[in-house]
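Shown next, in C-alpha coordinates, is the structure this report addresses.
In mature numbering (1 follows the signal peptide of the UniProt record, and there is no 0), the protein residues as written are -19 to -1, 1 to 277.
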(Lines of atoms letter the chains of each structure in order from A and count residues from 1; the text may use other names and numbers.)
(Lines give C-alpha, C1' and ligand atoms only; values in the text may rest on other atoms or scores of the structure.)
Protein backbone atom coordinates (compact mmCIF):
# COMPACT_ATOMS: atom_id res chain seq x y z
CA UNK A 1 0.00 0.00 0.00
CA UNK A 2 1.27 3.41 -0.96
CA UNK A 3 1.33 6.09 1.64
CA UNK A 4 2.52 9.65 1.86
CA UNK A 5 4.53 11.12 4.69
CA UNK A 6 4.39 14.61 6.08
CA UNK A 7 7.19 15.60 8.43
CA UNK A 8 6.33 18.35 10.85
CA UNK A 9 8.76 19.75 13.39
CA UNK A 10 7.17 20.50 16.72
CA UNK A 11 8.48 21.41 20.15
CA UNK A 12 7.97 18.79 22.84
CA UNK A 13 9.23 18.35 26.41
CA UNK A 14 12.72 16.95 26.90
CA UNK A 15 11.35 13.41 27.20
CA UNK A 16 10.17 13.55 23.60
CA UNK A 17 11.81 14.15 20.27
CA UNK A 18 10.86 15.68 16.93
CA UNK A 19 7.37 14.47 15.97
CA UNK A 20 6.45 12.78 12.73
CA UNK A 21 2.91 12.83 11.42
CA UNK A 22 1.95 10.09 8.95
CA UNK A 23 -1.14 10.37 6.81
CA UNK A 24 -2.65 7.00 5.83
CA UNK A 25 -5.05 6.69 2.91
CA UNK A 26 -8.67 6.27 3.90
CA UNK A 27 -7.78 6.83 7.56
CA UNK A 28 -7.75 9.94 9.76
CA UNK A 29 -4.47 11.71 10.28
CA UNK A 30 -2.59 9.93 13.05
CA UNK A 31 0.23 11.70 14.93
CA UNK A 32 3.20 9.53 15.75
CA UNK A 33 5.73 10.62 18.33
CA UNK A 34 9.24 9.71 17.18
CA UNK A 35 12.15 8.51 17.43
CA UNK A 36 13.19 7.43 13.95
CA UNK A 37 10.46 5.31 12.44
CA UNK A 38 10.79 2.53 9.90
CA UNK A 39 7.61 1.64 8.08
CA UNK A 40 6.85 -1.54 6.18
CA UNK A 41 5.47 -1.07 2.64
CA UNK A 42 1.98 -1.79 4.01
CA UNK A 43 1.00 1.14 6.22
CA UNK A 44 -1.00 -1.15 8.48
CA UNK A 45 2.31 -2.34 9.95
CA UNK A 46 4.16 0.22 12.08
CA UNK A 47 7.64 -0.44 13.48
CA UNK A 48 9.37 2.04 15.79
CA UNK A 49 12.95 1.44 16.91
CA UNK A 50 15.55 3.51 18.76
CA UNK A 51 18.72 2.78 20.67
CA UNK A 52 18.85 5.39 23.44
CA UNK A 53 15.69 7.49 23.47
CA UNK A 54 12.39 7.27 25.26
CA UNK A 55 9.23 6.75 23.23
CA UNK A 56 5.93 8.40 24.07
CA UNK A 57 2.75 9.50 22.39
CA UNK A 58 -0.35 8.05 20.74
CA UNK A 59 -0.11 5.33 18.12
CA UNK A 60 -2.61 3.40 15.98
CA UNK A 61 -2.81 -0.38 15.98
CA UNK A 62 -3.87 -1.79 12.64
CA UNK A 63 -2.21 -5.17 11.97
CA UNK A 64 1.13 -4.58 13.74
CA UNK A 65 2.47 -2.00 16.15
CA UNK A 66 6.04 -2.82 17.19
CA UNK A 67 7.83 -0.44 19.58
CA UNK A 68 11.33 -1.05 20.93
CA UNK A 69 14.15 0.87 22.60
CA UNK A 70 17.47 -0.19 24.09
CA UNK A 71 17.89 2.26 26.96
CA UNK A 72 14.80 4.45 27.14
CA UNK A 73 11.37 4.16 28.67
CA UNK A 74 8.16 3.64 26.73
CA UNK A 75 4.87 5.37 27.57
CA UNK A 76 2.23 5.12 24.86
CA UNK A 77 -1.49 5.24 24.26
CA UNK A 78 -2.71 2.77 21.65
CA UNK A 79 -5.82 3.13 19.50
CA UNK A 80 -6.96 -0.14 17.87
CA UNK A 81 -8.55 -0.19 14.43
CA UNK A 82 -10.70 -2.75 12.59
CA UNK A 83 -9.15 -5.47 10.46
CA UNK A 84 -8.73 -4.78 6.76
CA UNK A 85 -11.65 -5.86 4.60
CA UNK A 86 -9.08 -7.47 2.30
CA UNK A 87 -7.81 -9.71 5.12
CA UNK A 88 -10.36 -9.75 7.97
CA UNK A 89 -8.66 -12.70 9.70
CA UNK A 90 -5.38 -10.80 10.20
CA UNK A 91 -4.73 -10.36 13.96
CA UNK A 92 -3.86 -7.08 15.62
CA UNK A 93 -0.38 -7.60 17.09
CA UNK A 94 1.15 -5.30 19.71
CA UNK A 95 4.85 -5.81 20.46
CA UNK A 96 6.66 -3.61 23.02
CA UNK A 97 10.24 -4.16 24.17
CA UNK A 98 12.67 -2.14 26.30
CA UNK A 99 16.04 -3.39 27.45
CA UNK A 100 16.59 -1.01 30.39
CA UNK A 101 13.55 1.24 30.61
CA UNK A 102 10.04 0.87 31.96
CA UNK A 103 6.99 0.19 29.80
CA UNK A 104 3.61 1.82 30.36
CA UNK A 105 0.83 1.43 27.83
CA UNK A 106 -2.87 2.16 27.75
CA UNK A 107 -5.54 1.48 25.17
CA UNK A 108 -7.82 4.37 24.31
CA UNK A 109 -10.54 4.60 26.95
CA UNK A 110 -13.31 4.79 24.41
CA UNK A 111 -12.29 1.42 23.00
CA UNK A 112 -13.02 -0.53 26.15
CA UNK A 113 -15.99 1.55 27.28
CA UNK A 114 -17.75 0.94 23.97
CA UNK A 115 -18.29 -2.72 24.75
CA UNK A 116 -21.75 -2.66 26.31
CA UNK A 117 -24.87 -4.79 26.48
CA UNK A 118 -26.96 -4.00 23.42
CA UNK A 119 -29.22 -7.06 23.27
CA UNK A 120 -32.29 -4.88 22.68
CA UNK A 121 -30.74 -2.88 19.84
CA UNK A 122 -31.74 -4.19 16.37
CA UNK A 123 -28.76 -2.37 14.83
CA UNK A 124 -26.23 -4.23 16.96
CA UNK A 125 -23.58 -6.29 15.19
CA UNK A 126 -23.34 -9.80 16.62
CA UNK A 127 -19.94 -11.42 16.28
CA UNK A 128 -17.65 -13.88 17.99
CA UNK A 129 -19.85 -16.95 18.05
CA UNK A 130 -20.95 -16.62 21.68
CA UNK A 131 -24.56 -16.52 22.80
CA UNK A 132 -25.78 -12.94 23.23
CA UNK A 133 -22.45 -11.49 22.13
CA UNK A 134 -23.30 -7.87 21.40
CA UNK A 135 -20.86 -5.27 20.16
CA UNK A 136 -21.64 -1.76 19.04
CA UNK A 137 -21.09 -1.08 15.33
CA UNK A 138 -17.60 0.13 14.50
CA UNK A 139 -15.84 -1.54 17.42
CA UNK A 140 -12.89 -3.64 16.17
CA UNK A 141 -13.86 -7.18 17.14
CA UNK A 142 -10.83 -9.18 16.04
CA UNK A 143 -7.98 -11.34 17.28
CA UNK A 144 -5.49 -9.49 19.52
CA UNK A 145 -1.94 -10.69 20.21
CA UNK A 146 0.09 -8.80 22.83
CA UNK A 147 3.76 -9.25 23.75
CA UNK A 148 5.57 -6.95 26.21
CA UNK A 149 9.13 -7.50 27.42
CA UNK A 150 11.51 -5.57 29.68
CA UNK A 151 14.89 -6.69 30.97
CA UNK A 152 15.51 -4.35 33.90
CA UNK A 153 12.35 -2.34 34.57
CA UNK A 154 8.63 -2.59 35.21
CA UNK A 155 5.56 -3.16 33.05
CA UNK A 156 2.35 -1.27 33.81
CA UNK A 157 -0.86 -0.11 32.19
CA UNK A 158 -3.94 -1.54 30.53
CA UNK A 159 -3.81 -4.15 27.80
CA UNK A 160 -6.35 -6.23 25.86
CA UNK A 161 -6.78 -9.87 26.78
CA UNK A 162 -7.29 -11.54 23.43
CA UNK A 163 -6.09 -14.82 21.97
CA UNK A 164 -2.46 -14.51 23.14
CA UNK A 165 -1.03 -12.21 25.81
CA UNK A 166 2.55 -12.36 27.14
CA UNK A 167 4.12 -10.00 29.71
CA UNK A 168 7.75 -10.66 30.72
CA UNK A 169 9.70 -8.48 33.18
CA UNK A 170 13.20 -9.88 33.65
CA UNK A 171 14.07 -7.89 36.78
CA UNK A 172 11.13 -5.59 37.39
CA UNK A 173 7.55 -5.69 38.59
CA UNK A 174 4.31 -6.13 36.67
CA UNK A 175 1.22 -4.07 37.51
CA UNK A 176 -1.46 -4.33 34.83
CA UNK A 177 -5.14 -4.50 34.10
CA UNK A 178 -6.15 -6.89 31.32
CA UNK A 179 -9.51 -6.25 29.67
CA UNK A 180 -11.33 -9.11 27.96
CA UNK A 181 -12.05 -8.29 24.32
CA UNK A 182 -13.80 -10.26 21.56
CA UNK A 183 -11.80 -13.00 19.87
CA UNK A 184 -12.92 -13.40 16.27
CA UNK A 185 -11.54 -16.92 15.92
CA UNK A 186 -12.30 -20.05 17.86
CA UNK A 187 -9.62 -22.02 19.65
CA UNK A 188 -7.60 -21.85 22.86
CA UNK A 189 -6.39 -18.58 24.36
CA UNK A 190 -3.21 -18.11 26.37
CA UNK A 191 -2.11 -15.58 28.99
CA UNK A 192 1.40 -15.60 30.44
CA UNK A 193 2.96 -13.19 32.94
CA UNK A 194 6.44 -13.75 34.36
CA UNK A 195 8.61 -11.57 36.61
CA UNK A 196 12.09 -12.71 37.58
CA UNK A 197 12.89 -10.08 40.20
CA UNK A 198 9.73 -8.26 41.21
CA UNK A 199 6.14 -8.64 42.34
CA UNK A 200 3.09 -9.05 40.13
CA UNK A 201 -0.30 -7.41 40.38
CA UNK A 202 -2.62 -8.56 37.61
CA UNK A 203 -6.32 -7.80 37.34
CA UNK A 204 -8.51 -9.34 34.64
CA UNK A 205 -11.80 -7.52 33.96
CA UNK A 206 -14.66 -7.26 31.51
CA UNK A 207 -16.06 -3.91 32.63
CA UNK A 208 -19.18 -2.24 31.25
CA UNK A 209 -19.98 -4.83 28.60
CA UNK A 210 -20.68 -8.43 27.83
CA UNK A 211 -23.01 -9.85 30.44
CA UNK A 212 -22.53 -13.02 28.37
CA UNK A 213 -18.78 -13.15 29.13
CA UNK A 214 -19.29 -16.10 31.38
CA UNK A 215 -18.24 -19.72 31.18
CA UNK A 216 -18.09 -19.84 27.37
CA UNK A 217 -15.36 -17.21 26.99
CA UNK A 218 -13.01 -18.90 29.46
CA UNK A 219 -13.38 -22.32 27.86
CA UNK A 220 -9.94 -23.57 26.76
CA UNK A 221 -8.06 -20.53 28.10
CA UNK A 222 -4.76 -21.29 29.86
CA UNK A 223 -3.29 -18.61 32.15
CA UNK A 224 0.19 -18.84 33.69
CA UNK A 225 1.54 -16.40 36.29
CA UNK A 226 5.08 -16.93 37.55
CA UNK A 227 7.41 -14.96 39.82
CA UNK A 228 10.93 -15.95 40.82
CA UNK A 229 11.13 -13.40 43.63
CA UNK A 230 8.09 -11.55 44.88
CA UNK A 231 4.40 -11.65 45.67
CA UNK A 232 1.91 -12.66 42.97
CA UNK A 233 -1.49 -11.00 43.32
CA UNK A 234 -4.00 -11.98 40.62
CA UNK A 235 -7.71 -11.22 40.34
CA UNK A 236 -10.18 -12.74 37.85
CA UNK A 237 -13.88 -11.95 37.36
CA UNK A 238 -16.46 -14.06 39.13
CA UNK A 239 -17.49 -15.41 35.71
CA UNK A 240 -14.23 -17.38 35.44
CA UNK A 241 -14.57 -21.15 35.72
CA UNK A 242 -12.00 -23.91 35.50
CA UNK A 243 -9.07 -25.64 37.18
CA UNK A 244 -6.63 -23.89 39.53
CA UNK A 245 -3.06 -25.00 40.26
CA UNK A 246 -0.88 -23.01 42.68
CA UNK A 247 2.71 -23.45 43.92
CA UNK A 248 4.51 -21.30 46.50
CA UNK A 249 7.89 -22.74 47.47
CA UNK A 250 8.66 -20.34 50.31
CA UNK A 251 5.49 -18.34 50.92
CA UNK A 252 1.80 -18.62 51.71
CA UNK A 253 -1.07 -19.52 49.36
CA UNK A 254 -4.46 -17.79 49.39
CA UNK A 255 -7.17 -18.71 46.86
CA UNK A 256 -10.58 -17.11 47.45
CA UNK A 257 -13.83 -16.53 45.58
CA UNK A 258 -17.41 -17.69 45.27
CA UNK A 259 -17.59 -21.32 44.19
CA UNK A 260 -13.91 -22.13 44.73
CA UNK A 261 -13.45 -25.67 46.03
CA UNK A 262 -10.12 -27.03 47.26
CA UNK A 263 -9.49 -30.41 45.62
CA UNK A 264 -6.11 -31.13 47.18
CA UNK A 265 -3.67 -29.18 49.33
CA UNK A 266 -0.23 -30.06 50.64
CA UNK A 267 2.97 -28.24 51.54
CA UNK A 268 3.58 -25.47 49.03
CA UNK A 269 0.90 -26.63 46.58
CA UNK A 270 -2.82 -26.45 46.00
CA UNK A 271 -5.24 -27.77 43.38
CA UNK A 272 -8.71 -26.24 43.30
CA UNK A 273 -11.78 -26.04 41.11
CA UNK A 274 -14.30 -23.31 40.34
CA UNK A 275 -17.52 -24.07 38.53
CA UNK A 276 -18.49 -27.00 36.37
CA UNK A 277 -16.21 -29.35 34.44
CA UNK A 278 -14.28 -27.81 31.58
CA UNK A 279 -13.61 -24.10 31.52
CA UNK A 280 -10.12 -22.63 31.65
CA UNK A 281 -7.00 -23.26 33.66
CA UNK A 282 -4.99 -20.93 35.92
CA UNK A 283 -1.45 -21.89 36.96
CA UNK A 284 0.39 -19.72 39.51
CA UNK A 285 4.00 -20.33 40.61
CA UNK A 286 5.91 -18.27 43.17
CA UNK A 287 9.45 -19.48 43.76
CA UNK A 288 10.29 -17.03 46.53
CA UNK A 289 7.10 -15.29 47.55
CA UNK A 290 3.42 -15.69 48.37
CA UNK A 291 0.36 -16.12 46.14
CA UNK A 292 -2.92 -14.22 46.47
CA UNK A 293 -5.43 -15.44 43.86
CA UNK A 294 -8.97 -14.02 43.91
CA UNK A 295 -12.13 -14.57 41.86
CA UNK A 296 -14.89 -11.96 41.84
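Idealized CB from N, CA, C, for every residue including glycine.
{"query": "Short Cβ contact (9 Å threshold) for residue 161 with residue 69", "result": "no"}
{"query": "Alpha carbon of residue 49 to alpha carbon of residue 86, nearest angstrom", "result": "13 Å"}
{"query": "Given residue 184 as reference, the closest of 275, 77 and 76 once Cα atoms are compared", "result": "275"}
{"query": "Separation of residue 58 from residue 283, as counted between CA atoms", "result": "This structure gives no information on residue 283, because the portion of the chain shown stretches from -19 to 277."}
{"query": "Anticipated Cβ contact below 8 Å, residue 26 with residue 45, distance rounded", "result": "4 Å"}
{"query": "Three or more C-beta pairs below 8 Å linking the segment 240 to 250 and the segment 197 to 213", "result": "no"}
{"query": "Per-residue DSSP class, three states only, for residue 197", "result": "helix"}
{"query": "Own chain, CB closer than 6 Å to residue 252, minus 5 neighbours either side, in chain order", "result": "226, 244 and 245"}
{"query": "Helix, strand or coil at residue 40 according to DSSP, with G and I counted as helix", "result": "strand"}
{"query": "Rounded separation between residue 123 and residue 248 - CA only", "result": "43 Å"}
{"query": "Close Cβ partners of residue 39 (< 6 Å) along its chain, the five nearest in sequence each way excluded", "result": "58"}
{"query": "Sub-9 Å separation of residue 200 and residue 270 beta-carbons", "result": "no"}
{"query": "Contacts around residue 147, its chain only, beta-carbon distance under 6 Å, and the 5 residues preceding and following it disregarded", "result": "128 and 173"}
{"query": "C-beta contact flag for residue 66 and residue 53 at 9 Å", "result": "no"}
{"query": "Inter-residue spacing [alpha-carbon to alpha-carbon] between residue 29 and residue 37", "result": "11 Å"}
{"query": "DSSP state of residue 61 mapped onto helix, strand, coil", "result": "strand"}
{"query": "Buried versus exposed, by CB contacts within 10 Å (16 or more), residue 293", "result": "Outside the displayed span of the chain (-19 to 277) sits residue 293, for which this structure offers no information."}
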